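Engineer: Okay, here's the structure, questions in a sec.
Number of protein chains: 2
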Amino acid sequence: MTDSGEIDPQTAEEKVTDAQTAALSLSNLSTARRNEALTAIADTIERNVDRILEANAADVADAEKQVDAGEYTQAFVDRLTLSTSKIESIAEMVRSVAEQDDPLGETLTARELDDDLNLYKVTVPIGVIGTVFESRPDALVQISALSLKSGNAVILKGGSEAERSNRVLYNCILEATPEVPSGWAQLIEAREDVQTLLEMDDAVDLIMPRGSSSFVQYVQDNTSIPVLGHTEGVCHVYVDSEADLEMATAVAYDAKVQYPAVCNAVETLLVHESVAPSFLSQMMKQYRDAGVEIRGDERTQSIVDTESNISEEIIAATEADWTTEYGDRIVSIAVVDSLTDAIDHINMYGSKHTESILTQDDNRAEQFMRAVDAASVFHNASTRFADGFRFGLGAEVGISTGKIHARGPVGLDGLTTYKYHLEGDGQQVATYAGSDAKPFDHAEFDETWPVRNDDG
Amino acid sequence: MTDSGEIDPQTAEEKVTDAQTAALSLSNLSTARRNEALTAIADTIERNVDRILEANAADVADAEKQVDAGEYTQAFVDRLTLSTSKIESIAEMVRSVAEQDDPLGETLTARELDDDLNLYKVTVPIGVIGTVFESRPDALVQISALSLKSGNAVILKGGSEAERSNRVLYNCILEATPEVPSGWAQLIEAREDVQTLLEMDDAVDLIMPRGSSSFVQYVQDNTSIPVLGHTEGVCHVYVDSEADLEMATAVAYDAKVQYPAVCNAVETLLVHESVAPSFLSQMMKQYRDAGVEIRGDERTQSIVDTESNISEEIIAATEADWTTEYGDRIVSIAVVDSLTDAIDHINMYGSKHTESILTQDDNRAEQFMRAVDAASVFHNASTRFADGFRFGLGAEVGISTGKIHARGPVGLDGLTTYKYHLEGDGQQVATYAGSDAKPFDHAEFDETWPVRNDDG
């Protein structure tokens, strides 16, 4: 392979244009060829463990200095750090992508418009996908693997903190895929190259930013290319009057404590007033033991004050707390009068990510799930389940809080679009227009494109 | 009903905010209630034919003056003009929308993640849809009907030339829908209100502009809200070496002449060199008789020159011709050496709208259909079939040349998104994480949400 420190010296614009050219032939690479290429990527990564670890160690060493300087958190450096077992699991992830069903060439509908005039709606790749991500070097491999599986060309922009790790991984990917149309995966590194990418709306079909809310917002404000990303995860757990309080406590604990830094962790608990005294006294103890800071509205404060077995002083929640993604061991709590009030609170302050109701009453659960406007609405389950792997989508390219194209955890399906294939026999629209227009049949039937006749 | 000349004096911002509130309850209006409201709209429009015609006559009279002044074309005024039969067909269109299958509440997939932990992907409305359209007053009714059927609130901005017609139709719609959450349909009229709409990215989920390419481009460049629209229809017909030339001539004639002003009319013919002399001599005569102006590349010019039976002088096509949507009785023609050259020409100059190959060779057709990057790819059929009604989608809200969310003719499906519903039994993610993680089942099954247990 080429020296791990080298990448192609083309400009970002040339790279994007090459990706655009590659996308046209990539879309027609057979399932077998795409899967073979994925397997080769996994093998090449495993063969180059030492080289990857060496490059990563240099990135990590530099990042550690930034922790001392107060620039990075230790958690950030942890996400950056690779190990032999982590690299093995990256290779394993690539193999699992190879094993997934082909998302391409699926006939979604087949419809006879008239005799010998048949319309097929068939899944195809989107084209060129621009991605910007941070920290974890495994993101580069995951995004590349999902793009290849779904027949898309991809522009990869990783964080500067992972530059050496990303270069080695990128070169492993290129080395493993000589059979894939050259140019299908492009690494860009400079900050100003992101601007170039965002401006190339003729060449790039979709931008997927993964990073801070403000960065995603910046991308949305600075491109006319469609953006798939999530801006915030202000998720709620609502403990209903009909909740099983033991279950509610366990779920609210998991939703906050199991991994507080992620977007599907809960930020605000809403508690029905009828169960608030009893629920809060249980919940507070558990959160306190886990070191979770509580910010409560006035009713929460007063309930906790009057529950003699709780010694906490509850910090007063302000308006800002209801829209804050803490990403940390902090939770805000509000007591509500009714199911409707809980729904209204969520629709006003939530970020349309993931919302959960705890109740033993199925009708109340259904009302909540219908009325709350969010990508994922849960009944008696932790918000932390909102994840592509847990949802059974295989690997995920991200979670979307937008409502267009793909919503919630996005898997391979979100990287495809469709194309209409019409098979005719010389039909003209004039036949179906005017006063003696021939009517259409519009009958759906079971057939997949391409249709193969026995006589060839 | 209120006086047809009055509309609500709220600001555009208030209207959009009200639509946002309405959208939350609109999404839960039952199928029957939405269909009843659609039927009431059709009835109310029919009851108010005289009032609609009166308002329309005033719009048309003003527009006629602009024709004399050279501002509008007669075709523009024709599109603006309503008649009793046109109004009846508008009412009929609304009834046909009522009759279509409900696009909402459909369970797209059901997957067991684990015992008593079931995930349902269910179709839901998008939310608030902003639309900007021109000329035809029937567009206002069509867009409103499709939005209501799909549970979306809608902001309607029509052209000033149809202001009086649009006001009456809008008031008919409001009068007919007192049972629909108030605020679901909002009419805005001022040019500056469009800017307000484009800026309200927290409240508006999708913008659908219908109009000139430059207007759609303007919208894309001036909002961070997702845009569904089409910028150009530069469609091609490729006459292959294996084409049935009689069929090819008939299809190329229909694709250009049957309705040249629309986006799915052909703009460029590509002709394989082996059939060019024979095809062009037939085609030229037919186009000449229909008054179609021909712009040919050098090879087309020389072939036509040497074909003694053609008296035409062919205008030389310039580079600009290959990317021009004439929308008129003008066609450009290029002779190509091969199927691959035709594909390359289309992928370089086309607008990803609709492309058709004429050939009797199924393998060559398949190669073309796979390799051409367009929303609709046709084999032996006129490009003019690219249309929601002809495709059997029912009414269409527009044709998308983008690749994200909805592509080609967009029907009710394009106005929906989905929501993940997870039904659990108190599950925590901690159970499925770490070294002794419980594995997921991820088994798909047939069931629709909401699941009703017999015991309530």
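Protein chains in written order, with the working numbering: chain A, 876 to 1331; chain B, 876 to 1331. Glycine is no exception: its CB is placed at the ideal position from the N, C-alpha and C atoms. Small disclaimer: the values here were computed from a predicted structure and weren't measured.
Interface residues of chain A around residue 961 (chain B) at Cβ under 9 Å?
Structural biologist: Per Cβ cutoff of 9 Å: no residues; residue 961 (chain B) is ~15 Å from chain A at best.
Engineer: Could you give the DSSP three-state label for residue 1331 (chain B): helix, strand or coil?
Structural biologist: Any reading at residue 1331 (chain B) must be qualified, since the residue scores a pLDDT of 38, below 50, and its modelled position is unreliable; the value itself is stated next. Here residue 1331 (chain B) sits in coil by DSSP.
Engineer: How would you write the range of the alpha helix (DSSP H) that residue 1189 (chain B) sits in, first residue to last?
Structural biologist: Segment: none, residue 1189 (chain B) is in no alpha helix (DSSP H) and carries neither H nor E.
Engineer: If you follow the alpha helix (DSSP H) that residue 1242 (chain A) is part of, which residue opens it and which one closes it?
Structural biologist: Segment 1237 to 1246, the alpha helix (DSSP H) holding residue 1242 (chain A).
Engineer: Can we count residue 998 (chain B) as close to the ligand FAD, meaning its CB is less than 7 Å from some heavy atom?
Structural biologist: This structure does not include the ligand FAD; it has no bound ligands of any sort.
Engineer: Going by C-alpha to C-alpha distance, which of A:1090, A:1151 and A:1277 sits closest to residue 1113 (chain A)?
Structural biologist: Checking every option, the nearest Cα to that of residue 1113 (chain A) belongs to A:1151.
Engineer: Relative to the C-alpha of residue 1232 (chain B), which candidate in B:1136, B:1115, B:1098 and B:1094 has its C-alpha closest?
Structural biologist: Considering only alpha carbons, the answer is B:1115.
Engineer: Would you mind sorting residue 1320 (chain B) into buried or exposed? The rule is 16 or more other CB atoms within 10 Å of its CB.
Structural biologist: So residue 1320 (chain B) counts as exposed.
Engineer: Should residue 1294 (chain A) be flagged as near chain B, meaning a C-beta pair shorter than 8 Å?
Structural biologist: Interface residue, yes.
Engineer: Counting only C-beta atoms, is residue 1265 (chain B) closer than 8 Å to chain A at any point?
Structural biologist: Answer yes: the Cβ-Cβ gap between residue 1265 (chain B) and chain A drops below 8 Å somewhere.
Engineer: Using the rule of at least 16 other Cβ atoms within 10 Å of the residue's Cβ for burial, across every protein chain shown, is residue 1314 (chain A) buried or exposed?
Structural biologist: Exposed, because fewer than 16 other Cβ atoms sit within 10 Å of the Cβ of residue 1314 (chain A).
Engineer: Counting only C-beta atoms, is residue 877 (chain A) closer than 8 Å to chain B at any point?
Structural biologist: Low local confidence applies: a pLDDT of 41 at residue 877 (chain A) is under 50, so the model's placement there is unreliable, with the coordinate-based value given in what follows. Taking Cβ atoms only, chain B never reaches closer than 8 Å to residue 877 (chain A), which makes this a no.
Engineer: Let me confirm a value: residue 917 (chain B) is counted as buried when at least 16 other C-beta atoms fall within 10 Å, else exposed. Which label applies?
Structural biologist: That one is buried.
Engineer: Tell me, please, whether the CB atom of residue 1131 (chain B) is closer than 8 Å to any CB atom in chain A?
Structural biologist: Residue 1131 (chain B) does not count as touching chain A.
Engineer: Determine whether the Cβ of residue 1241 (chain A) lies closer than 8 Å to any Cβ atom of chain B.
Structural biologist: Answer yes: the Cβ-Cβ gap between residue 1241 (chain A) and chain B drops below 8 Å somewhere.
Engineer: Quick one: list the residues of chain B neighbouring residue 1278 (chain A), beta-carbon separation under 7 Å, in chain order.
Structural biologist: Per Cβ cutoff of 7 Å: 1001, 1002, 1080 and 1292.
Engineer: Using a Cβ-Cβ distance under 8 Å, would residue 988 (chain A) count as near chain B?
Structural biologist: Yes, contact with chain B.
Engineer: Could you give the DSSP three-state label for residue 1231 (chain A): helix, strand or coil?
Structural biologist: The answer is strand: DSSP assigns residue 1231 (chain A) an E or B state.
Engineer: Across which residues does DSSP place residue 1319 (chain A) in a beta bridge pair?
Structural biologist: Bridge partners of residue 1319 (chain A): A:986.
Engineer: Between residue 1105 (chain A) and chain B, is the shortest Cβ-Cβ distance under 8 Å, so that the two count as touching?
Structural biologist: With 8 Å as the cut-off, residue 1105 (chain A) does not count as an interface residue toward chain B.
Engineer: Buried or exposed for residue 934 (chain A), going by 16 or more other Cβ atoms inside 10 Å?
Structural biologist: Buried: at least 16 other Cβ atoms inside 10 Å.
Engineer: Look up residue 1152 (chain A) in the DSSP assignment and say whether it is helix, strand or coil.
Structural biologist: Reduced to three states, the DSSP call for residue 1152 (chain A) is helix.
Engineer: Just the Cα atoms here: how many angstroms apart are residue 901 (chain B) and residue 940 (chain B)?
Structural biologist: Taking the straight line joining both Cα atoms gives about 42 Å.
Engineer: Looking at the C-beta of residue 1055 (chain B), does it have a partner C-beta in chain A at a distance below 8 Å?
Structural biologist: So, not an interface residue.
Engineer: On the criterion of 16 or more Cβ atoms from any shown chain inside 10 Å, does residue 905 (chain B) qualify as buried, or is it exposed?
Structural biologist: Exposed, since its Cβ has fewer than 16 Cβ neighbours within 10 Å.
Engineer: Pull up the distance between the alpha-carbon of residue 1004 (chain B) and that of residue 1028 (chain B), whole angstroms please.
Structural biologist: Each residue's alpha carbon lies about 6 Å from the other.
Engineer: In chain order, what residues of the stretch 1246 to 1260 of chain B put their CB closer than 8 Å to some CB of chain A?
Structural biologist: Listed by position along the chain: 1246, 1248, 1249, 1250, 1251, 1252, 1253, 1254, 1255, 1256, 1257, 1259 and 1260.
Engineer: Could you say which of B:1216, B:1131, B:1301 and B:1242 lies nearest to residue 1259 (chain B) if we only look at CA atoms?
Structural biologist: Here the closest residue by C-alpha is B:1131.
Engineer: Buried or exposed: residue 1036 (chain B), going by 16 or more other Cβ atoms within 10 Å of its Cβ?
Structural biologist: Residue 1036 (chain B) comes out buried.
Engineer: Please list the terminal residues of the continuous beta strand (DSSP E) segment that includes residue 996 (chain B).
Structural biologist: Residue 996 (chain B) -> beta strand (DSSP E) spans 992 to 1000.
Engineer: Looking at the structure shown, is residue 1278 (chain A) part of a helix, part of a strand, or coil, going by DSSP?
Structural biologist: Looking at residue 1278 (chain A) - three-state DSSP - the assignment turns out to be coil, as it is neither helix nor strand.
Engineer: Could you tell me which chain B residues have their CB closer than 8 Å to the CB of residue 1146 (chain A), listed as they occur along the chain?
Structural biologist: Result: empty, since nearest Cβ-Cβ is about 17 Å, beyond 8 Å.
Engineer: From this set, A:1065, A:948, A:1217 and A:1224, which residue's C-alpha is nearest residue 1147 (chain A)'s C-alpha?
Structural biologist: Residue A:1217 is the option with its Cα nearest to residue 1147 (chain A).
Engineer: Cβ of residue 1122 (chain A) less than 8 Å from any chain B Cβ?
Structural biologist: It does; some Cβ of chain B falls within 8 Å.
Engineer: Ignoring anything shorter than 4 residues, give me the alpha helix (DSSP H) runs that lie fully in the stretch 950 to 980 of chain A, in order along the chain.
Structural biologist: Fully enclosed alpha helix (DSSP H) runs of 4 or longer: 959 to 974.
Engineer: Across which residues does DSSP place residue 1207 (chain A) in a beta bridge pair?
Structural biologist: The partner list for residue 1207 (chain A) (beta bridge, DSSP) reads A:1143 and A:1170.
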